[in-house]
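Visitor: Handing you this structure, nothing more for now.
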Amino acid sequence: MLLKKMSFALSLLLFGLLILSACKDDGDTEPTATPNLDRAALAQTAFANPTNTPRSRETPTPLPDVESELALTTSQMELAIVAGDVDKYMANIWQGDPLFTTEQRRWAEAWAKQPPHSFDITLSSISAPSGDESFARMSVKWRGSGEAEVSDLGSGGSTITVHFYREAADSQRWLFAGEAWQVINLHRNGSDWTADQPSDGTEKIRIFYLPDYGPITGTSKAATVLAENIPGIYTIVSRELGIEPTEAINLKVYEYPDALRSMVDITYLHVLWVWNRPAEALRFSQDVNTELPPADEVMAGQLVYRLLYQLAGDTIGNYPQWVAEGTAQMLVMKEFMTVPRRNNQLSEMAGIALGTTEGVEPEADAPQMQDWEAMAEWESEPSAQDYAASLQAGTFVYYIDATYGQAKRNEWIKSMAVEKTLEEACQDILGKSFEDLTADWLAWIVTQA
Numbered sequence: 012m013l014l015k016k017m018s019f020a021l022s023l024l025l026f027g028l029l030i031l032s033a034c035k036d037d038g039d040t041e042p043t044a045t046p047n048l049d050r051a052a053l054a055q056t057a058f059a060n061p062t063n064t065p066r067s068r069e070t071p072t073p074l075p076d077v078e079s080e081l082a083l084t085t086s087q088m089e090l091a092i093v094a095g096d097v098d099k100y101m102a103n104i105w106q107g108d109p110l111f112t113t114e115q116r117r118w119a120e121a122w123a124k125q126p127p128h129s130f131d132i133t134l135s136s137i138s139a140p141s142g143d144e145s146f147a148r149m150s151v152k153w154r155g156s157g158e159a160e161v162s163d164l165g166s167g168g169s170t171i172t173v174h175f176y177r178e179a180a181d182s183q184r185w186l187f188a189g190e191a192w193q194v195i196n197l198h199r200n201g202s203d204w205t206a207d208q209p210s211d212g213t214e215k216i217r218i219f220y221l222p223d224y225g226p227i228t229g230t231s232k233a234a235t236v237l238a239e240n241i242p243g244i245y246t247i248v249s250r251e252l253g254i255e256p257t258e259a260i261n262l263k264v265y266e267y268p269d270a271l272r273s274m275v276d277i278t279y280l281h282v283l284w285v286w287n288r289p290a291e292a293l294r295f296s297q298d299v300n301t302e303l304p305p306a307d308e309v310m311a312g313q314l315v316y317r318l319l320y321q322l323a324g325d326t327i328g329n330y331p332q333w334v335a336e337g338t339a340q341m342l343v344m345k346e347f348m349t350v351p352r353r354n355n356q357l358s359e360m361a362g363i364a365l366g367t368t369e370g371v372e373p374e375a376d377a378p379q380m381q382d383w384e385a386m387a388e389w390e391s392e393p394s395a396q397d398y399a400a401s402l403q404a405g406t407f408v409y410y411i412d413a414t415y416g417q418a419k420r421n422e423w424i425k426s427m428a429v430e431k432t433l434e435e436a437c438q439d440i441l442g443k444s445f446e447d448l449t450a451d452w453l454a455w456i457v458t459q460a
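To convert, take the position in the sequence shown, counting from 1, and add 11; that gives the numbering used here.
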């Protein structure tokens, strides 16, 4: 199943950071919990030792030949996309990285359902520092399918730094290898984190960033901030959920939302800041004005999803979508919000619940109580009620935590990874039906007004 929307948590948190910040007391200090590390030194070390997959260096091919050879590859990619032919497209993709291969195949499967009317690829600023690898700025532009200039697929485009690998040492054929990432590998030893080692399979976090390319500024600034902050966020999320990740968390930082959309799903018709799906990297755009990564609490909410995916074998498991979202929001409320902000969230949900129980007819776009079954679906489009849905899910899981404790709450959440349905988890772990728990939550939440 496809998660066809930015998660409720992100929309809630980005909105909440702007609207609810006024509720913060001047004397309040944001709660923090970080492992024992020198964050500045960690980031400095990371950028002194960026890592990439080492490749042999052959005698460079003359640049005009490389340009014409690359044009053959990109023309084959264009033809395959317009034809909706996934296999033909994948024949032009480098298969040396399983993560990249999965992401590219899913990208292709999305547009194959409704191929674009046109898809144009233009390469500029081509360089070939070795015989088997070349780099370029790749601009893509597409137009929706059908006769109209803009159809259900929509139109769009972006430019990003990419690279290609030669298919074989004596071949004139190049394979598209995606974004020209540099990688920071973060290793953990107890409470200490280091970034001075190459990838050896034991790293806990990998941060993929785009280096500067000629006059084009990449995403290294966002990556250095992320390298400072993400170990502490990772520690909090893992500790609170009682989940020790079994695989490295892959984070990919893009220059701007359109570049992210172009590389993850051209059928997505909304502004895209974060893309978070099982078996793929957690991909997101830096802030286009500050060149910073998303706020710590946004990253924390997204890491909750990653850990729940891993618990379910890199799938969405049996979780209703609102359980995953509610878990993310609950953790942010507990660990990253000040008391005034958290109380404001509870109070706002109380107002929504009271309005519903008292039969008040809300305005069309005003936050309203949401149907739990509708919120359980993973494939859905953004709506004006996402904020209300996130509040509802978050305060429900927060109530479970406050009433039954962290251990029972985590047992309840984890049981839905592969084993139990929502109803079974409620009955077996918490001793009540979901209907009864909902009634208890409603009775509690209205007292928070």
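All C-beta atoms, glycine included, are put in the ideal place defined by N, C-alpha and C.
1. For F394 and L318, which I take to be in contact (beta-carbon distance under 8 Å), what is that distance rounded to the nearest angstrom?
2. Can you tell me the Cα-Cα spacing of P127 and L441, whole angstroms?
3. Would you mind giving the Cβ-Cβ distance between T301 and I227, rounded to the nearest angstrom? I have them listed as a contact below 8 Å.
4. Which one or two residues does DSSP pair with R117 in a beta bridge?
5. Per DSSP, which residues does E190 bridge with? Please list them.
6. Candidates P378, E258 and A119: which alpha carbon is nearest Q396's?
7. Measure the CB-CB distance between N427 and Y330 and report whether it falls below 7 Å.
8. How is S444 classed by DSSP in three states: helix, strand or coil?
9. Can you check the stretch 69-113 for any alpha helix (DSSP H) of at least 4 residues that lies completely inside it and give the ranges in chain order?
10. Thinking W153 and T84 are a contact (beta carbons under 8 Å), I'd like their distance in whole angstroms, please.
11. Within 10 Å of its beta-carbon, does G229 have 16 or more other beta-carbons around it, so buried, or fewer, so exposed?
12. Please report the Cβ distance between D269 and G167, rounded to the nearest whole angstrom; I am assuming they are in contact, meaning their Cβ atoms lie under 8 Å.
13. For G225, does the count of other Cβ atoms within 10 angstroms reach 16, so buried, or fall short, so exposed?
14. One question on the structure: do V121 and V97 come within less than 7 Å of each other, judged by their Cβ atoms?
15. Going by DSSP, which residues form a beta bridge with L318?
16. If you count every other CB in all the chains shown that lies within 10 Å of the CB of S182, and 16 or more means buried, which is it?
17. Taking contact to mean at least 3 C-beta pairs separated by less than 8 Å, is the stretch 251-267 in contact with the stretch 210-223?
18. Over what stretch of residues does the alpha helix (DSSP H) that includes V264 continue unbroken?
19. In whole angstroms, give me the CA-to-CA distance for E336 and Y398.
20. Roughly how many angstroms separate the alpha carbons of Q381 and I137, rounded to a whole number?
21. According to DSSP, is L134 helix, strand or coil?
22. Using only the alpha-carbon positions, how far apart do E308 and F347 sit?
23. For M101 and R116, what's the separation of their Cα atoms in angstroms?
24. Three Cβ pairs or more, each shorter than 8 Å: is that satisfied between the stretch 232-245 and the stretch 276-286?
25. Considering only their Cβ atoms, is the gap separating V194 from S145 smaller than 7 Å?
26. Given that a residue counts as buried once 16 or more other Cβ atoms are within 10 Å of its Cβ, and exposed if not, what is L74?
27. Please report how far the alpha carbon of A238 lies from the alpha carbon of G416, in whole angstroms.
Guide: By the coordinates alone:
1. Going by the sequence as given, residue 394 is Ser instead of Phe. That belief does not hold up - the Cβ atoms of S394 and L318 are roughly 26 Å apart, past 8 Å.
2. 49 Å
3. About 18 Å separates the two Cβ atoms, so there is no contact after all.
4. None; R117 has no bridge partner.
5. Assignment of beta-bridge partners to E190 by DSSP yields V173.
6. P378
7. The amino acid at residue 427 is misidentified as Asn; the sequence shows Met. Yes, they are a contact pair.
8. coil
9. 74-94 and 97-101
10. About 18 Å; that fails the 8 Å criterion.
11. That one is buried.
12. 6 Å
13. exposed
14. Per the sequence presented here, residue 121 reads as Ala, with Val not at that position. Contact flag unset, no.
15. Partner(s): none; L318 has no beta bridge.
16. exposed
17. yes
18. No alpha helix (DSSP H) holds V264; the beta strand (DSSP E) holding it covers I260 to Y265.
19. 11 Å
20. 51 Å
21. strand
22. 6 Å
23. A direct Cα-to-Cα measurement between M101 and R116 gives close to 7 Å.
24. Flag = no, the stretch 232-245 and the stretch 276-286 do not touch.
25. no
26. By the neighbour-count rule (16 or more Cβ atoms within 10 Å), L74 is not buried but exposed.
27. Rounded to the nearest angstrom, the two C-alpha atoms are 32 Å apart.
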